[in-house]
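Q: What follows is a structure written as structure tokens; I'll ask about it next.
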Amino acid sequence: MTKILIIGACGQLGIELTHNLKARYGDDAVIPSDIADKRNVYVDSVFEILDVLDNSNLKRILNYHQISQIYHLAAVLSARGENDPLFAWKLNMDGLLNVLEEARAEKIKRVYWPSSIAVFGPSTPKKMTPQETIANPNTVYGISKLAGERWCQYYHDKYDVDIRSLRYPGLIGWRSKPGGGTTDYAVDIYHKAIGEETFECFLKKDTILPMMYMDDAIRATVELMETDDKNIQVRSSYNISGMSFSPEQIYHSIKGFYPHFEMLYKPDYRQIIAKSWPESIDDTEAREQWGWAPKYDLPMMTEEMLKNLSRPVTAN
Ligand code: AKB
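All residue numbers for the sequence shown refer to this note's numbering, where the first residue is 130 and numbers rise by one.
In structure tokens:
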């Protein structure tokens, strides 16, 4: 029987994935965990408090629940990482190594770990960035993701750990807010539009970045995790692509629904991070090897985001 542990289940991606996997595999098959006691997020579910740096607690949880798959999502993202680089390195690197080591020792069947477009750096080709290319990241987050990819490949090749990974672009969803990322402006902007507030953008108006609607990201993750082992030829992390846009373009797509919406530009240190990343991603390998194809473009995503965020909140 599949039994899944989600590490970082109360973060932006964790909430969406837990929701989706519980619907797919059944409530009891998915154990959400988080460093904070947020069991109120999962009222009808078993919940574990887990700091991924605590490997004895990780081992206990794996054994107690007879876990067969791990989704390790806990990380410090790009912008927050620059404020405390040593802690970001510790959490992102030691956390992954704990998971890989326990996966090897406890013979966990399958592991998912997200990488990011942040593995690329200023010298990477900006347009249609290929799977294999120059990757000299200059943020601690990017360095930790690139090193993490190498560790994933190592544990796969040396110990046969079935680890699977995607290089996510900026993720945009309505169920939860992100924290500490450079692409997060593209989530906040929708909340400000709904609240009829002026949005202050921390990037310049023409800064194009690769992005993806959350439904596509979740579907890509589940498709990768469910595909046959023989389809997976990339054991570091797969490029995947959804759409690319600038702050000015997302602003205009929202203006189509909220004509009075206003935006100001106040670029800060996150502009430098954004400029070091690609504008668009070539995901040929993911398409050819396990059939990846995105569904959402910017107009479709804007419509979905505004529709869902403006729905009245109903009690469970
Ligand atoms: C961030 O902005 O740090 C993340 C990412 C691109 O991995 N959303």
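Quick reminder that beta carbons are idealized off the backbone N, C-alpha and C, glycines included.
#1: Compare the C-alpha of residue 309 against each of 413, 152, 168, 211 and name the closest.
#2: How should residue 155 be labelled, buried or exposed, when 16 other C-beta atoms within 10 angstroms of its C-beta is the threshold for buried?
#3: Relative to the C-alpha of residue 336, which candidate in 393, 436, 378, 317 has its C-alpha closest?
#4: Quick check on residue 270: buried or exposed, where buried means 16 or more other Cβ atoms within 10 Å of its Cβ?
#5: Where do the ends of the alpha helix (DSSP H) carrying residue 269 lie?
#6: Here's the rule: buried if 16 or more other CB atoms are within 10 angstroms of the residue's CB, otherwise exposed. What is residue 321?
#7: Pull the bridge partners of residue 330 from the DSSP assignment, please.
#8: So who's on the other strand from residue 249, going by DSSP bridges?
#9: With DSSP as the reference, identify every bridge partner of residue 389, one or two as the case may be.
#10: I'd like to know whether the C-beta of residue 269 is nearer than 9 Å to at least one C-beta of chain C.
#11: Quick check for students: name the residue ranges of the beta strand (DSSP E) that lie wholly in the stretch 147-205, counting only runs of 3 or more.
#12: Does the beta-carbon distance from residue 301 to residue 240 come in below 9 Å?
#13: Is the beta carbon of residue 376 closer than 9 Å to that of residue 323?
#14: Which full runs of the alpha helix (DSSP H) of 4+ residues lie inside the stretch 339-379, going along the chain?
#15: How many whole angstroms separate the CB atoms of residue 407 and residue 307, which I take to be in contact at a CB cut-off of 8 Å?
A: Per the coordinate set shown:
#1: 211
#2: exposed
#3: 378
#4: buried
#5: 269-288
#6: buried
#7: 394
#8: Partner(s): none; residue 249 has no beta bridge.
#9: Bridge partners of residue 389: none, in fact.
#10: Here chain C cannot be found, since the structure has a single protein chain.
#11: 159-163, 198-201
#12: no
#13: no
#14: 343-355
#15: Not a contact, Cβ separation roughly 19 Å.
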